[in-house]
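Protein chains in written order, with the numbering used here: chain A, 7 to 136; chain D, 7 to 136.
Structure, as structure tokens:
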DNA sequence: CCGAATCCATTACGATACTG
DNA sequence: CAGTATCGTAATGGATTCGG
């Protein structure tokens with residue numbers, strides 16, 4: 007039987023491609039996947055806890071990342087109107103499912119890490135001997 | 007049986023995370039996936055044909071993208087020592103398999119596009135009414 | 001506590017011109 | 001033809017300061 011044609015071939019550059027680009031940009035930034043990971047375990051965390059658990063993120067980027075994720079429906083922002091402020095972030099179903107959709111990439115990584123490393127070393131060796 | 011725990015939870019931030027970051031950056035740039043798509047169909051193309059088929063890419067970025075892909079073993083660069091120059095790029099098994107690994111994202115996109123759009127519209131509506 | 005605003009260094013990338 | 005080199009602009013992201 008014919009092997010299944012990769013669907014991405016039809017999807018990239020198709021009318022939906024602009025949106026695909028958006029999704030790609032969304033997950034490809036430095037922090038979104040880490041937030042998804044942390045929130046997948048904790049389900050709900052307030053801002054400062056997220057900051058701690060992620061580690062190394064500036065609050066500017068955390069804010070920006072969370073806003074974007076909220077906009078795309080990946081997290082819910084829950085503001086408790088108290089002083090001092092208390093804001094919780096909870097992952098949505100959509101957010102979780104995106105985390106799972108990315109697994110194919112991690113599997114590819116695991117399966118091919120050695121081959122990639124070998125290719126890279128070979129390339130660098132070729133490049134360095136003038 | 008237990009449903010499989012998303013492996014990304016263990017992989018992100020693990021010792022292999024740096025490498026995961028690399029892979030993510032690799033596929034997340036503006037052009038790599040388009041090159042994979044075009045080359046998956048054509049198997050082998052010379053520089054100028056690639057430039058045409060991708061459309062909208064500058065030769066600077068095409069060169070850079072191809073060099074990076076070559077370094078990671080996703081394409082093979084075949085130089086024919088003639089004048090004028092003739093250079094073919096062929097996709098490798100590794101390159102093809104990466105294209106397939108990304109499918110999970112496109113499937114997620116297809117399955118959830120409406121929900122994401124709805125969330126985004128709702129967010130924007132909330133944001134715009136002051 | 002949460003987050004907006006400002007400043008700054010670095011990088012990304014398109015346009016253009018040049019070369020073996 | 002298949003690049004490299006240079007330039008200018010725009011976007012990215014960290015550090016810091018300020019405010020409700």
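Quick reminder that beta carbons are idealized off the backbone N, C-alpha and C, glycines included.
Query: Using a threshold of 8 Å, state whether the C-beta atoms of residue 82(A) and residue 98(A) are closer than that.; Result: yes
Query: Ordered along the chain, which non-local residues of its own chain (more than five positions away) have a Cβ less than 6 Å from that of residue 14(D)?; Result: In this prediction, residue 14(D) scores a pLDDT of 42, lower than 50, which makes its location untrustworthy; no coordinate-derived value is stated.
Query: State the Cα-Cα distance for the pair residue 69(A) and residue 38(A), rounded to the nearest angstrom.; Result: 11 Å
Query: Shorter than 8 Å from the beta carbon of residue 70(A) to some beta carbon of chain D?; Result: no
Query: Grouping DSSP H, G and I as helix and E and B as strand, with all else coil, what is residue 56(A)?; Result: helix
Query: Would you tell me roughly how many angstroms separate the C-alpha atoms of residue 125(A) and residue 64(A), rounded to the nearest one?; Result: 35 Å
Query: If you measure beta-carbon to beta-carbon, which residues of the segment 46–74 of chain D are closer than 8 Å to chain A?; Result: 46 and 47
Query: DSSP on residue 80(D), reduced to helix/strand/coil?; Result: coil
Query: I'd like to know whether the C-beta of residue 131(D) is nearer than 8 Å to at least one C-beta of chain A.; Result: no
Query: Beta carbon of residue 46(D), beta carbon of residue 113(D): below 8 Å?; Result: no
Query: Helix, strand or coil: how does DSSP classify residue 13(D) here?; Result: At residue 13(D) the pLDDT is 37, less than 50, meaning the model places this residue with poor confidence and gives no usable figure here.
Query: Given a limit of 7 Å on CB to CB distance, which residues of the segment 74–103 of chain D reach chain A?; Result: 76, 77, 78, 79, 100 and 103
Query: At a CB-CB cut-off below 8 Å, which residues of chain D make contact with residue 126(A)?; Result: 77, 78 and 79
Query: Can you give me the C-alpha to C-alpha distance between residue 29(A) and residue 89(D), rounded to a whole angstrom?; Result: 43 Å
Query: Less than 8 Å separating the beta-carbons of residue 110(D) and residue 61(A)?; Result: no
Query: Which residues in chain A have a C-beta closer than 7 Å to the C-beta of residue 41(D)? List them in chain order.; Result: Those within 7 Å of residue 41(D) in chain A number zero; the least Cβ separation is about 10 Å.
Query: Please check if any C-beta of chain A sits within less than 8 Å of the C-beta of residue 121(D).; Result: yes
Query: Identify which residue in 100(A), 66(A), 93(A) and 73(A) has its Cα closest to the Cα of residue 117(D).; Result: 100(A)
Query: Which two residues bound the contiguous alpha helix (DSSP H) that contains residue 44(A)?; Result: 38–48
Query: Is the closest heavy atom of the ligand GTP to the C-beta of residue 115(D) under 7 Å?; Result: With respect to the ligand GTP, the structure shown offers nothing to examine, as it has no ligands at all.
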